[in-house]
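The next block holds one structure in the form of structure tokens; read it before the comments.
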Amino acid sequence: MASSLDVLPPAIRERLREHRVTRSLRRASRLFFDTTDFTSIDYGDIIFIDDCYYLVTGYTKEGRFGVDDQVKPWVPRVEDLGTGKKQILKLVFHETFDITMGQFTISYYRNPEKEARVLELVRGLPHFMQGRAVLDEAGNLVRILDIINGRRLDKFIYRNNTDHEEYFYQEFPSILQQFLECIEAISLLHHHGFRHGDIRRDHIFVDRDTDEFCWIDFDYDYYMPERPFAVDLYELGNLLMYLTVRGNFHPREIMADPGMGEKVLNTIAPGDYALLAKNRVVNLQKLFPYIPTELNNIFLHFSLGTDVFYDTADEIHADLQRALEKFG
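Following this line, the structure appears as structure tokens:
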């Protein structure tokens, strides 16, 4: 339930009155101490937590399940009316769903407490988003996140208008080096008993000033006690393959590529497809022959034809380090 703005300190009230967001509103801002019903909190409202007044200036967006740019009402963009600092709040949103990966059905859920513990673990460390967790008046665990001035990794790799071979030799080695450090970061989580839980190509941001890669979003978790880190490892492999060829290749993409077509598709054997996405090719050396065998062998760990699997992020890191050396 919203509270009266009369309780705002005079300096905060003045900044609110002069703010561009307030001037564009056709209604009065509202003040919230309890974020339980986050759907009632709207653009131009104020959230009070940790002795700060945060003005909602927008919302983050994210694609999922094939739908792009869905608004996340539980993740507003905010401005601290006391300091002017822009940040992101993650409000408590409990969600559960199942994902089928091959023969496995995996139960996923949002875990704010886990994300809070990860933020505490990685405070001050590179390659992780930074923030802190605090309780609102109702005891909801709100995460206050620093904004990364950058862009998604899957956008970054297309920043130059280069063909694949030029990208592979001129740009990819430095990307691979940064990705190695991202794998080290995931290994750190695993060694402390945490999973990332949602490794995707849009969950690494690249800093505009330093080009440093940074993992975001740690609130998803999953239940898979028999192999607790298996999904993270599988998704690291997927992401590595995506970065290598700047996309995913199924038979339709192969047929549509003038440089490949039916001639290349006819070379693809059943064991060349992905273990859990059986129409996606992972033996990428057959599509791009200049991919070193050492790198392609990593991909084959995620193929239908493999009987050798990765058990740890450290194993992927070691193999990828050796593959990187082949780039000179």
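For the sequence shown, the residue numbers in the working numbering are 5 to 332. Yeah, the Cβ is synthetic: ideal placement off N, Cα and C, and Gly gets one too.
Measuring only between beta-carbons, confirm whether SER307 sits less than 9 Å from chain D. Among the chains in the structure shown there is no chain D, since it carries only a single protein chain.
Reducing DSSP to helix, strand and coil, say where LEU308 ends up. coil
Within 10 Å of its beta-carbon, does GLY275 have 16 or more other beta-carbons around it, so buried, or fewer, so exposed? exposed
With C-beta atoms as the reference, is ARG291 less than 9 Å away from VAL249? Reading off the sequence shown, one finds Leu at residue 291, where the question assumed Arg. In this structure, VAL249 lies closer than 9 Å to LEU291 by Cβ.
Near PHE69, what residues of its chain come up, given a Cβ to Cβ distance below 7 Å and the 5 sequence neighbours on each side ignored? Bear in mind that a pLDDT of 48 at PHE69, under 50, signals an unreliable position, so the number given afterwards is only what the model happens to contain. Hits under 7 Å: none found.
What is the rounded straight-line gap between the Cα of LEU95 and the Cα of PHE101? 19 Å
C-alpha distance - GLY48 paired with PHE222, whole-angstrom precision: 27 Å
Could you check if ALA32 is buried or exposed, using at least 16 other CB atoms within 10 Å of its CB as the buried criterion? exposed
Roughly how many whole angstroms lie between the Cα atoms of PRO77 and LEU29? Taking the CA atoms as reference points, PRO77 sits about 18 Å from LEU29.
CB-CB under 6 Å to ILE53, same chain, minus the five flanking residues each way: which ones, in chain order? VAL138, ASP140, VAL146
Look up GLY265 in the DSSP assignment and say whether it is helix, strand or coil. helix
Where LYS89 falls: helix, strand or coil (DSSP): coil
Taking buried to mean at least 16 other C-beta atoms within 10 Å of its own C-beta, is ARG114 buried or exposed? buried
For ARG231, which option in ALA317, ARG284, LEU304 has the closest C-alpha, if you only look at C-alpha atoms? ALA317
Please confirm whether GLU239 and ARG284 have their CB atoms less than 9 Å apart. no
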